[in-house]
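See below for the structure under consideration.
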Amino acid sequence: MAGYKVYVDTSKCIGCAQCYVACPNKVFAIINKKAVPVNQDACVGCRACIVKCSTNAITITPRDVYAFYTRFYKRT
Amino acid sequence: MAKSKVLFAKAQLERIDKAYSLPYKFMNLLEASPLKNMITPGNIVAIKIHVGDMEHGGYRTIRPIFVRVLVDYVKKLGGIPFITDTWGLRHIIVGLENGYNYETIGAIALPVSGIKETDLVKVRVPNPLRVSEIEVGSAVYYADVLINFAHSKGHPSSGYGGAIKNVSMGCTGPNTRSAIHNLEREDQIGRAFQEGLADAFHAVILNKPNKVYNINYVLDVQPTCDCAPWSDIPIVPDIGILASEDVVALEKATLDLINNAPVVPGSIGEKAGLKPGDNKFFIIHGKDPYIQVEAAHRKGLGNMEYDLVEV
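Here it is in structure tokens:
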């Protein structure tokens, strides 16, 4: 399981909750009119949230994948 | 059971002549393929490729000239080709930036399931191994013919991604991708995940009997997926382009050729100490890529025995 880091740029997020609706794994909550990835460990990297987001506020990056490949690559 | 035919255009240039260069050999491959029997004039032909990552860090995707050769051939047969990929309109724009546009390839690009991945058709999987229902992108579901033009490379979740994964993950919706990725939690060697891929492949091709042609682009065989925002040097030298109606035979032949190849000096193949004959992606990723091939075979999607026919 690769594991993903989900980041929401709060200056871009308008709290429309499209990501909350789209996410099959319930990663997001809407807190104070902003999307917050409260359940990051559930993210499998399907990118449904990124596709739906109208303001391009979400990025996801693989996380644990680096731990497995340290025999090939330096850690970032 | 008779062996399945896998056509093979070798990347190696045997003579100093354009006829021996891969774009021309690819044309020969297409002429020798059953596409002429699959496409009737007026057919809408979906060509599924991976157009690259969203952040422009990866660069080892299929070179547009090969897509152009394929598009031209489909047009010659009277088909109406378009290229397609998942992740909505933003990803299609990435594809245009990466060189897959009308000027270069001669076809338009469409998102497989609409601008925000909402145009999906639910399909029940026959004899499911892991996933019983798949959401198929409407652009592929309603196309008359599907040409599955995949880039063969490594993948962290399945060891390897080629023709099977190109369709399973690339022609389906977010709920399907998520359901299959969730299977990664089931075991360490990627068995459940790859059996999920076989289920999804089955569902996508279900309404297209004898209307799906699979092509593996076995150049730039990099360690990880085209969706990653990075590329590394390939683990094996360029092999060529393989194609078959039988996706099982095609994937088996591709993996066998990659495994029998020497490693590229300086690649992570060398760092892993790989030798010709090793199951290379299994050693790199810890996931045995033959599982997806065997799973597709068990589902009746093809034959593990093949004849490699050079064009």
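Sequence order for the protein chains is A and B. In terms of the numbering used here, the first sequence opens at residue 118 and continues consecutively. In terms of the numbering used here, the second sequence opens at residue -5 and continues consecutively. In this text, a Cβ means the ideal position worked out from N, Cα and C, and glycines have one as well. Nothing here was measured: the structure is a model prediction, and the numbers come from that model.
For this session: Name, please, each residue of chain A whose Cβ falls closer than 9 Å to the Cβ of B:P168.
Result: A139, C140, P141, C163, R164, A165, C166, V168, K169
Problem set entry | Inter-residue CB distance, B:P283 and B:L249 (contact presumed, cutoff 8 Å) | 6 Å
Exercise. Does the beta carbon of B:W224 sit closer than 7 Å to a beta carbon anywhere in chain A?
Worked result: no
Problem set entry | Whole-angstrom distance between B:I285 and B:S126, CA atom to CA atom | 19 Å
For this session: List in chain order: all unbroken beta strand (DSSP E) runs of 3+ residues lying wholly within the region 201 to 240 of chain B.
Result: 206 to 212, 234 to 238
Problem set entry | Any chain A beta carbon closer than 7 Å to B:H50 | no
Problem set entry | Those residues which DSSP pairs with B:N314 across a bridge | Shown here, chain B extends from -5 to 305; a query on residue 314 of chain B therefore has no answer.
Exercise. Closer than 9 Å, Cβ to any Cβ of chain A: which residues of the region 56 to 84 of chain B, in chain order?
Worked result: T80, W81, G82, L83, R84
Problem set entry | Nearest candidate by alpha-carbon position, reference B:K246, set B:K293, B:A157, B:K281 | B:A157
Exercise. List, in order along the chain, the chain A residues whose C-beta lies closer than 7 Å to that of B:K202?
Worked result: What B:K202 touches in chain A: nothing, since even the nearest Cβ is about 25 Å away.
Exercise. Just by C-beta distance, which residues in the region 257 to 270 of chain B are closer than 9 Å to chain A?
Worked result: I262, K265, A266
Problem set entry | Short Cβ contact (7 Å threshold) for A:K122 with B:K110 | no
Exercise. So what's B:P283 in DSSP terms, helix, strand or just coil?
Worked result: coil
Exercise. Near B:F20, what residues of its chain come up, given a Cβ to Cβ distance below 8 Å and the 5 sequence neighbours on each side ignored?
Worked result: A3, F60, V63, L64, I235
For this session: Out of B:G73, B:R124, B:Y211, B:G89, state which residue places its alpha-carbon closest to the alpha-carbon of B:M48.
Result: B:G89
Exercise. Does any C-beta atom of chain B lie closer than 7 Å to the C-beta of A:F145?
Worked result: no
Exercise. Are B:L83 and B:P105 touching if we call contact CB-CB under 7 Å?
Worked result: yes
For this session: For B:H175, decide whether its Cβ has a neighbour in chain A, counting only Cβ atoms nearer than 7 Å.
Result: yes
For this session: Give the residues of chain A in contact with B:R54, contact being defined as C-beta atoms less than 7 Å apart.
Result: Under the 7 Å cutoff, chain A gives no residues; its nearest Cβ is about 16 Å from B:R54.
Problem set entry | Proximity to B:Y135 [Cα-Cα], best of B:H145, B:P28, B:L114, B:Y14 | B:L114
For this session: Under 7 Å Cβ to Cβ from A:T176, same chain only, skipping five residues before and after it: list those, please.
Result: Y124
Problem set entry | Residues of its chain near B:L191, where Cβ-Cβ distance is below 6 Å and the 5 sequence neighbours each way are ignored | I158, K159, S162, Q286
Problem set entry | Top-ranked residue by Cα proximity to B:G93, from B:H44, B:D214, B:A144, B:G72 | B:H44
Exercise. Out of curiosity, what's the CA-to-CA distance linking A:N156 and B:T170?
Worked result: 20 Å
Exercise. Are there 16 or more other CB atoms within 10 angstroms of the CB of A:S171, so buried, or fewer, so exposed?
Worked result: exposed
Exercise. Just to confirm, are B:G51 and B:P228 a CB contact at a threshold of 7 Å?
Worked result: no
Exercise. List, in order along the chain, the chain A residues whose C-beta lies closer than 7 Å to that of B:K110?
Worked result: V168, K169
Problem set entry | is_contact[B:R118, chain A] using C-beta, thresh 7 Å | no
Exercise. Cβ of B:S172 less than 7 Å from any chain A Cβ?
Worked result: yes
For this session: Verify the contact flag: A:C160, CB atom, against every heavy atom of the ligand PLP, threshold strictly below 6 Å.
Result: Because no ligand of any kind appears in the structure shown, any question about the ligand PLP cannot be addressed here.
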